[in-house]
Every structure is written in C-alpha cells, then in structure tokens.
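Below is one structure, written out as structure tokens; the observations come after it.
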Amino acid sequence: MIKKLIAKEIEPKLHSSLKEIGKLLDSDIRYQLIDIINWQKFLYKPEVKFAIAYFNGEIFIKYKVKEKYIRALETQTNGEVYKDSCVEFFVSFDGKNYYNFEFSCIGTIHLTYGAGRNNRQFIDPEIIGHIEIESTLGVKPFTEKKGGFNWELIVRIPTLCFSFNQIKTLKGINATANFYKCGDGTSEPHFLTWNPIKTKNPDYHRPEFFGNLQFE
C-alpha cells in the first residue's frame, strides 16, 4: 500500500510566528496519523499525528504527540537525535536520494542526504540553522521522564535545506516521503510510520516504501 498525501499551499501573514503558522495548520489542514506498527517486537504505540503545508519555498510541519515517556539528551546538531523522543520526515525529489529530517522533542535537528543508510552526507549545520523549530517542551535537555505527556512541535523548513537540489518553489512538485516517530533510547523503544515498511527489522532508510507527497 502506497499512501498519497497532498500538501496544500497556505499563505501566512508576513512575518508570521511559528505559533501563528501552527494555528493556521490546525484550522486549515487535515492531520495525518503516524500509527503503523511494522515490527511485532516493538508494539508500544504513542499517539502521533502531523499536518503539512507549504508556501513558496517553505515547508511547514506540525506534530502532535502523546506518549508515556519523554527523553531529550541530545543537544548537538546532527547528533543521535533518534535516541530521544523524536519525530522524523524523510523526503526524496528523485525517487532515489533523500533527506532525513530528524527532530527531537526539544528541537535538536539531525539532517543528512544520500541514497541509503550508509555513506550519507551531513548537511552543513549553518544551513540547518535556517530551519525554525519550536516545541512545547522548550529547548533544555532532560533525562527520561515517565508518566503521560502531550507535546507539540512545529517546524519551518526552507528549500535552502535541500542543498543537493535546485528547488526555488515547491508548487507542483511530486515527491516521495515518509513520516516517523521513534525513541530508541526510551524505556519503550518504538518505530511508528505513516506509510508501511515491509522489512524484517526496523529500518526507516528505505525510500522504496515512501508514500507519494504532492505539493499542490
């Protein structure tokens, strides 16, 4: 099964804050679930959904998460974000090479590019610095907390971050993508996906299982 998602164009007011853009996504865009368990060894299922839209050369994504454990130790750009409470966006513009955006619950970012898991190229942290990101959990790191937590994260990704492609505007582009939720270092590791992945073990780096993402 290959899902298809249409990213609608929205028009935020000039100099809109991320909170204002988040409200626009809440009111105008339908949320999608990240709720597929592909691997029976990992059955824990946080509640996760996202909304995606764009305007000119910027992508907006808002994630909403409800989970039992939250962890945020990584503060280094391009560090081991996946071990923390993490949401991810993998996107390809040529069906082969893809960018993997990984965002921790305090907004630490990991971003690389390539055709598979190995030999990936790190995107320059200076370029990553152009991404705007905001989490309801703030920015300070913390060890794992247990209980029940709801958190939201919104991100604004400029096309500048797609440094291996010449993309000025997103309108009309047909891409492939997948959206994920993980937390490898938490008490209950989990690997949820938007589009299903048919592999024996957890592996997000499988562009052949990306869904279709069309920028309207």
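Per our numbering, the sequence shown runs over residues 17 to 232. Ideal Cβ positions, reconstructed from N, Cα and C, are used throughout, including at glycine.
Considering Cα atoms alone, identify which of the options is closest to residue i.
i: Val-81; options: Lys-187, Leu-89, Ser-33, Ile-50; result: Ile-50
i: Glu-27; options: Lys-162, Ile-75, Lys-61; result: Ile-75
i: Glu-160; options: Arg-87, Glu-118, Lys-29; result: Arg-87
i: Arg-133; options: His-221, Tyr-115, Gln-230; result: His-221
i: Ile-147; options: Ile-52, Ser-33, Ile-22; result: Ser-33
i: Thr-202; options: Gly-38, Tyr-47, Glu-90; result: Glu-90
i: Lys-57; options: Asp-219, His-206, Asn-228; result: His-206
i: Asp-219; options: Glu-104, Val-171, Gly-163; result: Glu-104
i: Leu-153; options: Phe-119, Lys-24, Thr-128, Gly-130; result: Phe-119
i: Ile-189; options: His-31, Asn-228, Glu-36, Ile-125; result: Asn-228
i: Arg-172; options: Ile-45, Ile-139, Met-17, Ile-149; result: Ile-149
Quick one: grab the DSSP three-state call for residue i.
i: Lys-29; result: coil
i: Ile-147; result: coil
i: Tyr-196; result: strand
i: Cys-102; result: strand
i: Leu-153; result: coil
i: Glu-96; result: coil
i: Thr-37; result: Correcting the residue identity first, residue 37 is Ile in this sequence and not Thr. Note: Ile-37 maps to helix in three-state DSSP.
i: Thr-175; result: helix
i: Ser-43; result: helix
i: Phe-76; result: strand
i: Phe-231; result: strand
i: Phe-119; result: strand
Is the separation between the beta-carbon of residue i and that of residue j shorter than 7 Å?
i: Val-97; j: Ile-122; result: no
i: Phe-117; j: Asn-194; result: no
i: Lys-19; j: Asn-211; result: yes
i: Glu-204; j: Tyr-60; result: yes
i: Phe-165; j: Glu-83; result: yes
So with Cβ pairs under 7 Å, would you call residue i a contact of chain D?
i: Ser-108; result: Of the protein chains in the structure, only one exists, and it is not chain D.
For the putative contact between residue i and residue j, defined by C-beta atoms under 8 Å, what is the C-beta separation to the nearest angstrom?
i: Tyr-70; j: Phe-226; result: With a Cβ gap of about 18 Å, Tyr-70 and Phe-226 do not count as contacting.
i: Pro-223; j: Ser-108; result: 5 Å
i: Thr-209; j: Asn-54; result: 6 Å
i: Gly-73; j: Pro-174; result: 6 Å
### Query
Should the segment 58 to 71 be regarded as contacting the segment 142 to 152, the criterion being three or more beta carbon pairs within less than 8 Å?
no
#### Entry: Validate contact between the segment 198 to 205 and the segment 166 to 184 using beta carbons, cut 8 Å, 3 pairs
no
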